[in-house]
Amino acid sequence: MQTTAPGLAFRLTLPDEWQGDFSIELAPGLELPPPGRPGKKIGETLLVETASGQHRLVISVGEAEKIDAEALRKAGGAAAKWLSSHAIASVGLEVGPQGKLSAAEALSAFVEGALLRSFSFDELKSGKREAGETTVYVLAAGETGELEAALQHSQSTAAGVNLARRISHRPPNLSNPVTLAETARELAQELGLKCTILDEKALAELGAGAILAVGQGSHTPSHLIVLEYAGADPQAQPVVVVGKAITFDTGGYSLKTRDGMLGMKFDKSGGADVLGVLQAVAALKLPARVVGIIAAAENMVSAAAYRPDDIITSLSGKTIEILSTDAEGRLVLADALTYAQQNYQPKVLLDLATLTGGVVTALGDVRAGLFCNNEALADALFASGERTGERLWRLPMDDEYAELIKGDDSDLRNSSKSRGAHPIQGAIFLKQFVADDVPWAHLDVAGVADTEQEKAYTGKGSTGFGIRLILDYLENR
Ligand code: BES
Ligand code: ZN
Ligand code: ZN
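The working numbering applies: residue 7 is where the sequence shown begins, and numbers increase by one.
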């Protein structure tokens with residue numbers, strides 16, 4: 007499963023050993039470019055023929071003073087897009103320091119962008135893309151150790167993200183809680199991770215009534231999937247990453263509209279991201295101990311499905327009245343968050359979820375919603391977001407909002423009748439299941455997990471949003 011995207015292979019090469027006649031140059035863009043120089047828009051490409059008859063693709067990295075990793079990722083995305091539509095077997099990439107970035111940092115960001123851009127979900131296409139592989143010879147003199155490490159880092163990172171994107175794209179007739187558990191088990195075997203899978207029987211024995219309620223209308227049983235990466239110290243308190251994996255969200259009896267249901271296969275993106283994070287931390291051999299928990303269920307309509315007005319008992323013991331069967335993500339997460347605290351003493355607890363349509367209204371597909379009970383953690387995650395381009399915006403969780411989800415005949419309700427503050431209602435509901443002294447952050451990625459709009463280095467469809475952010479957090483905390 008550990009594959010980089012098909013189509014692009016990077017190889018470090020000494021410049022005088024390389025004999026090709028096609029090269030890529032990264033250049034600051036100019037307001038009014040002379041012939042042979044690109045404009046100032048990042049990712050703008052220009053193909054030029056040199057005096058000696060060789061070809062050179064010049065890619066703009068934007069205004070010289072503003073060059074950063076994001077610009078290099080975008081340039082890498084532009085290169086991958088250009089190469090995918092031109093049959094070129096080999097190309098030399100000239101990399102040196104760019105702006106404030108060292109050559110290794112620039113290479114790392116460029117390769118990351120290129121590998122992310124060359125992702126395509128083609129496992130269900132009969133006429134597979136026959137586009138041949140392009141070998142990119144990274145022409146580098148000097149510090150090859152650093153460049154080699156940078157290359158490895160981006161390849162492992164992109165492989166993790168692209169794995170998650172592939173899983174997210176799988177359609178609901180082929181991907182369900184059972185197949186997700188199988189995929190997780192295979193991945194764990196491959197990477198030497200510990201894997202624990204709780205099926206419905208195990209969940210019932212524990213009393214995980216919230217995740218069970220969500221999945222009870224489906225033919226495919228719910229599963230809680232746990233992967234453990236030991237890191238340098240298997241006794242250390244872990245960072246626990248929980249992901250929502252609703253393999254299809256019809257809304258249940260609080261049925262979604264025809265259009266609202268389209269794309270709800272992506273409601274498993276948070277869970278798929280957890281697999282991506284675990285694959286990458288193992289490949290990168292990060293020292294941190296990391297536990298991933300995937301709450302997998304399918305939200306369907308049937309005679310066995312849960313209803314509005316049902317009152318269920320969660321793993322925590324708290325009872326929840328169902329106001330909307332479409333507010334199912336917070337239910338599966340409630341049990342997963344409880345399970346995490348009962349079994350792993352998290353040093354930090356993170357969750358990733360396509361939780362609310364409201365966060366799409368608020369932040370669109372540019373930033374994800376960040377909710378956090380700890381200032382230092384919020385700051386660290388925000389900073390990781392700015393560095394990785396997976397940007398966050400913090401939203402509040404004042405106590406008053408908790409009034410909205412207090413129950414009448416139960417402890418809590420999973421939604422309110424009020425139209426206001428939906429993303430916050432979701433977050434503050436989750437907060438009821440997290441001990442105050444556990445640093446916890448909830449990322450509502452409903453707007454950013456997949457996009458219809460082509461992005462500079464993720465293209466259309468699943469983005470794997472959150473994986474690079476969490477890796478950056480793990481590496482810099
Ligand atoms: N999976 C949806 C959230 C969603 C909406 C993700 C649009 C991606 C795009 C979630 O389960 C949901 O339906 N949330 C409801 C909650 C409401 C009923 C309280 C919503 O946001 O409308
Ligand atoms: Zn829903
Ligand atoms: Zn959902």
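Heads up, the beta-carbon is just placed ideally off N, CA and C, and yes, glycines get one too.
In chain order, what are the residues with a CB under 5 Å from some non-hydrogen atom of ligand 1? D255, D273, S330, D332, A333, G335, T360, T362, G363, S421 and A452
Answer with buried or exposed for A57, where buried requires no fewer than 16 other C-beta atoms within 10 angstroms of its C-beta. exposed
Comparing alpha-carbon positions, which option in N168, R176 and L337 lies nearest F471? N168
Delimiting residues of the alpha helix (DSSP H) encompassing L212: E206 to L212
At the level of alpha carbons, what is the spacing between Q8 and V117? In this predicted model, Q8 has a pLDDT of only 38, less than 50, meaning its place in the structure is not dependable enough to derive any value.
Could you check whether the Cβ of I252 sits closer than 6 Å to any heavy atom belonging to ligand 3? yes
Same chain only: Cβ atoms within 7 Å of H61, ignoring 5 sequence neighbours per side: D27, F28, L53 and E55
Cα-Cα separation, V64 to Q195: 43 Å
Alpha carbon to alpha carbon, how far is E139 from A95? 6 Å
Quick check on this structure: which residue in D450, V354 and S468 has the alpha carbon closest to the alpha carbon of A368? D450
On a Cα-Cα basis, can you pick out the residue from P240, L281 and V144 that is closest to L189? The amino acid at residue 189 is misidentified as Leu; the sequence shows Thr. Answer by Cα proximity: L281.
Rank D273, E211, C201 and L78 by C-alpha distance to the C-alpha of V232 and give the top, closest one. C201
Is K324 closer than 7 Å to D417 when the C-beta atoms are compared? yes
Below 8 Å on the Cβ atoms is my guess for G413 versus E327; work out the distance and round it to an integer in Å. 5 Å
What is the rounded straight-line gap between the Cα of N182 and the Cα of D22? 52 Å
Cα-Cα separation, E409 to I434: 10 Å
Any idea what DSSP makes of G151, helix, strand or coil? helix
State buried or exposed for N305, treating a residue as buried only when at least 16 other CB atoms are found within 10 Å of its CB. buried
I believe A278 touches A238 by the beta-carbon criterion, under 8 Å. Please report the beta-carbon distance rounded to the nearest angstrom. Contact doesn't hold; Cβ gap of about 27 Å is too wide.
Suppose contacts are defined by Cβ-Cβ distances below 7 Å. Is L355 in contact with A346 by that definition? yes
Per-residue burial, D357 [other beta carbons within 10 Å of its own, 16 or more giving buried]: buried
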